[in-house]
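>
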Amino acid sequence: LGFALTTGDLNNILDCLQILMDNVALELPLTSLMNKMNEIEASKCKKHAPTLNLSIVKCDNDEDDKSVLTIFTNDLHGSGVPFKSVKDKNVLNVIVKEEMEDRLITLVRFQMKVPAGDTGARAVLIFSLDNEISEIESKEFLEKFSKFDTWTNEEWESGKIKNDEEIVPLTYLEVDKDSKEADMNFTTHKPTKYLLFKFLGQDSSENISITCVKLRGYRMTPQLIEIRN
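Following my numbering, the numbering of the sequence shown begins with 41 at its first residue and continues without gaps.
1. Along the chain, which unbroken stretches of the beta strand (DSSP E) at least 3 residues long are found entirely within the stretch 162-238?
2. With a CB to CB cut of under 7 Å and the five nearest residues on each side skipped, what residues in its chain are close to residue 232?
3. Assign residue 157 to buried or exposed, taking buried as 16 or more other Cβ atoms, counted over all protein chains shown, within 10 Å of its Cβ.
4. Which residue from 252, 234 and 249 puts its Cα closest to that of residue 141?
5. Between residue 52 and residue 212, what straight-line distance do the alpha-carbon atoms span, to the nearest angstrom?
6. Can at least three beta-carbon pairs, one atom from the stretch 121-137 and one from the stretch 235-244, be found at a separation below 8 Å?
7. For residue 185 and residue 253, what's the separation of their Cα atoms in angstroms?
8. For residue 93 and residue 258, I'd like the C-alpha separation in whole angstroms.
9. What would DSSP say about residue 154, mapped onto helix, strand or coil?
10. Taking 8 Å as the threshold (C-beta atoms), are residue 122 and residue 155 in contact?
11. Would you mind giving the Cβ-Cβ distance between residue 164 and residue 256, rounded to the nearest angstrom? I have them listed as a contact below 8 Å.
12. If I measure Cβ to Cβ from residue 112 and keep anything under 8 Å in the same chain, skipping five residues before and after, which residues do I get?
13. Decide if residue 153 is buried, meaning its Cβ has at least 16 other Cβ atoms within 10 Å, or exposed.
14. Can you check which of these residues, 192, 182, 116 and 108, is closest to residue 219 by C-alpha distance?
15. Would you identify the three-state DSSP class for residue 96, choosing helix, strand or coil?
16. State yes or no: is the C-beta of residue 128 within less than 8 Å of the C-beta of residue 206?
17. Which one or two residues does DSSP pair with residue 133 in a beta bridge?
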């Protein structure tokens, strides 16, 4: 690395840094420094990630699909009027996408607020989708996720989903009973074009209500993803 820095050969410098990154067990002062720099970079990325404004691909509410877009906001106050599903709709599936054709997204933080009372969503499951749009838009697509409709924290913590190689949620997150909010930071996940949010209602309710959802993360080009990998 010292020779590469002396000669100013950028390719050699990057190659040396990559070797150090791939061999973190090496007892070199620079290795420890690079690990610290990575930790700082990850921390700053989480702290300063911008709000993601995504478009709706599908919503299985019986009303106008696009009306659910009002829950995705830049703050946790929402539009002032919570979104409410139609009667007898206790589980709400919403698929969103990144609109730019040459971009993928990665979530850094998910925040949600629900109204007080028995209609507020009790939990949410988040899935990263790598399916083709034709499959996502098919009527049968959401049926494969129906087994998660009755999930609780017990199923999530049991770890049994690890045996399912086809569908694995990024997370299961319950709403805090006092604050009526849910908040989670993501460490990392594979960049994706589509995300599925499965909102779960309370057993005693005939509807499901959501005040707002705030998504923070990054848009990436396939070229940048390839470099990072």
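We put the beta carbon where it would ideally sit given N, CA and C, even for glycine. The structure presented is a predicted model; accordingly, all values stated were derived computationally and were not measured.
In short:
1. 163-169, 211-214 and 221-225
2. As a working mapping, residue 232 is identified with position 192 in the sequence shown. Only 144, 145, 168, 169 and 170 meet the Cβ criterion.
3. Numbered from its first residue, the sequence shown carries residue 157 at position 117. Residue 157 comes out exposed.
4. Translated into positions along the sequence shown, residue 141 becomes position 101. Out of 252, 234 and 249, 234 has the C-alpha closest to the C-alpha of residue 141.
5. Counted from its first residue, the sequence shown places residue 52 at position 12. Counted from its first residue, the sequence shown places residue 212 at position 172. About 43 Å.
6. yes
7. Sequence index remark: in the sequence shown, residue 185 carries index 145 (1-based). Sequence index remark: in the sequence shown, residue 253 carries index 213 (1-based). Taking the straight line from one Cα to the other gives about 21 Å.
8. Here residue 93 refers to the residue found at position 53 when the sequence shown is read from its first residue. Here residue 258 refers to the residue found at position 218 when the sequence shown is read from its first residue. Each residue's alpha carbon lies about 11 Å from the other.
9. Reading the sequence shown from its first residue, position 114 is the one you call residue 154. In the structure shown, the three-state DSSP call for residue 154 is coil.
10. Indexing the sequence shown from 1 puts residue 155 at position 115. Indexing the sequence shown from 1 puts residue 122 at position 82. For residue 155 and residue 122, yes; Cβs fall inside 8 Å.
11. In the sequence shown, residue 164 corresponds to position 124, counting from 1. In the sequence shown, residue 256 corresponds to position 216, counting from 1. Wrong, their Cβ atoms sit about 15 Å apart, outside the cutoff.
12. Position 72 of the sequence shown, counted from the first residue, corresponds to residue 112. The answer, listed in chain order, is 93, 94, 136, 252, 253, 254 and 255.
13. Indexing the sequence shown from 1 puts residue 153 at position 113. Per the 10 Å Cβ criterion, buried.
14. Working through the sequence shown from its first residue, we reach residue 219 at position 179. Answer by Cα proximity: 116.
15. Numbered from 1 along the sequence shown, position 56 holds the residue referred to as residue 96. DSSP places residue 96 in strand when its eight states are reduced to three.
16. The residue given as residue 128 occupies position 88 in the sequence shown. The residue given as residue 206 occupies position 166 in the sequence shown. Using a Cβ distance threshold of 8 Å, residue 128 and residue 206 do not count as a contacting pair.
17. As a first step, residue 133 must be located in the sequence shown, where it is residue number 93. DSSP output for residue 133 lists 238 as bridge partner(s).
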